[in-house]
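Residue numbers (mature numbering (1 follows the signal peptide of the UniProt record, and there is no 0)): -32 to -1, 1 to 298.
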């Protein structure tokens, strides 16, 4: 995840007010798939193999283990897929299959776009457009007809203008659009959400334009605040600003979900392992201001990179100390 460029608070406030006036008249287009994965299942899936769950199991004698199991590992959260999965189709099939056995709804994150994170703490991804197209096709096929929620490539669209040439921007947009098409075709019972970044990073008109160009019409909705810390209300304001722009310029709006995994104390405008943050509301349907769902997309306790209060922890690495800080709000 990269440094977020901040927008003036006055601008976001005025745009939020405009959104409140315009959105009641808007109606979302038909969903990308007729099926409703929420109705097809009974609650969100709790992954017994998540990093915090495995840590708690492997360190049962540690005095922190019970707290981490109760407050984090026992909650539904996203499972991230990337090049570290040697057989992504099999890994996705195993994960969604385990959830289906329990009649639960899993949350998956596709995170393998070329040039990921602009080469930052979470850099990596597929080595070519062709490799990514094959990868996302396998990812979608791994879901098959099982119910699922999918967040598509966090930060990929917000970062378009931060490290890519114009040709690379067009290529990435086309790759995200291909992802939406593959998920619609091969995973008909999944809801896909394109990532729209966070409040105070990119202006809502820019994000609405990028989302639409990247195939938002094919997807069920978009995600806000993935792996960040902004309060739920603040994130919802930004989502409604995006929908206002979509309604104005593309004649549709979309549902949105908010990552609340670490937003219990809001943001101090630092994004990379800041101190003083806290767990946010656990996964649920509905949310303040019209959110479709509140979700733990980011794994609480997973490092943002070698920075902040975890200078020796690689991005994605689970830290019991980071987890405890989120539990205790310190």
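Quick reminder that beta carbons are idealized off the backbone N, C-alpha and C, glycines included.
N- and C-terminal bounds of the beta strand (DSSP E) containing residue i
i, result
"residue 192", "189 to 192"
"residue 75", "75 to 78"
"residue 259", "Here residue 259 belongs to no beta strand (DSSP E), and DSSP marks it neither H nor E."
"residue 278", "Segment: none, residue 278 is in no beta strand (DSSP E) and carries neither H nor E."
"residue 251", "Where residue 251 is concerned, there is no enclosing beta strand (DSSP E), given that its DSSP letter is neither H nor E."
Assigned secondary structure, residue i (DSSP; H/G/I helix, E/B strand, else coil)
i, result
"residue 132", "coil"
"residue 240", "coil"
"residue 6", "helix"
"residue 267", "coil"
"residue 92", "strand"
"residue 147", "helix"
"residue 230", "coil"
"residue 117", "strand"
"residue 246", "strand"
"residue -10", "Bear in mind that a pLDDT of 42 at residue -10, under 50, signals an unreliable position, so the number given afterwards is only what the model happens to contain. It is helical."
"residue 15", "coil"
Delimiting residues of the alpha helix (DSSP H) encompassing residue i
i, result
"residue 294", "288 to 296"
"residue 226", "It is not in any alpha helix (DSSP H) - residue 226 instead sits in the beta strand (DSSP E) that spans 224 to 227."
"residue 28", "No alpha helix (DSSP H) holds residue 28; DSSP gives it neither H nor E."
"residue 207", "200 to 218"
"residue 109", "97 to 111"
Own chain, CB closer than 6 angstroms to residue i, minus 5 neighbours either side, in chain order
i, result
"residue 176", "210, 213, 214"
"residue 57", "106, 109, 110"
"residue 147", "104, 120"
"residue 223", "189, 260"
"residue -1", "The predicted position of residue -1 is uncertain, since its pLDDT is 46 and thus under 50; a value taken from the coordinates is nonetheless stated next. Only 152, 186, 187, 188 meet the Cβ criterion."
"residue 232", "246, 247, 248"
"residue 252", "262"
"residue 21", "41"
"residue 282", "none"
"residue 183", "145, 148"
"residue 194", "122, 163, 227, 265"
"residue 68", "114"
"residue 33", "24, 27"
"residue 173", "213"
Integer Cβ distance of residue i from residue j, believed to fall under 8 angstroms
i, j, result
"residue 244", "residue 199", "Actually they are not in contact, since the Cβ atoms of residue 244 and residue 199 sit about 14 angstroms apart, beyond 8 angstroms."
"residue 104", "residue 124", "Wrong, their Cβ atoms sit about 12 angstroms apart, outside the cutoff."
"residue 276", "residue 241", "3 angstroms"
"residue 278", "residue 264", "In fact, because the Cβ distance is near 19 angstroms, the residues do not count as touching under 8 angstroms."
"residue 11", "residue 76", "Contact doesn't hold; Cβ gap of about 16 angstroms is too wide."
"residue 117", "residue 5", "7 angstroms"
"residue 7", "residue 24", "Rounded, the Cβ-Cβ distance is 32 angstroms, inconsistent with contact."
Proximal residues to residue i (C-beta, below 7 angstroms), its chain only, five neighbours per side dropped
i, result
"residue 132", "83, 140"
"residue 230", "197, 245, 247, 248, 266, 268, 294"
"residue 100", "80, 81, 82, 94, 143"
"residue 180", "214, 218"
Beta-carbon proximity list for residue i, same chain, < 8 angstroms, skipping 5 on both sides
i, result
"residue 129", "137"
Every unbroken beta strand (DSSP E) inside the region 32 to 64 [3 residues or more]: 47 to 49
Completely contained beta strand (DSSP E) runs for the region 150 to 177, where each covers 3 or more residues: 158 to 163
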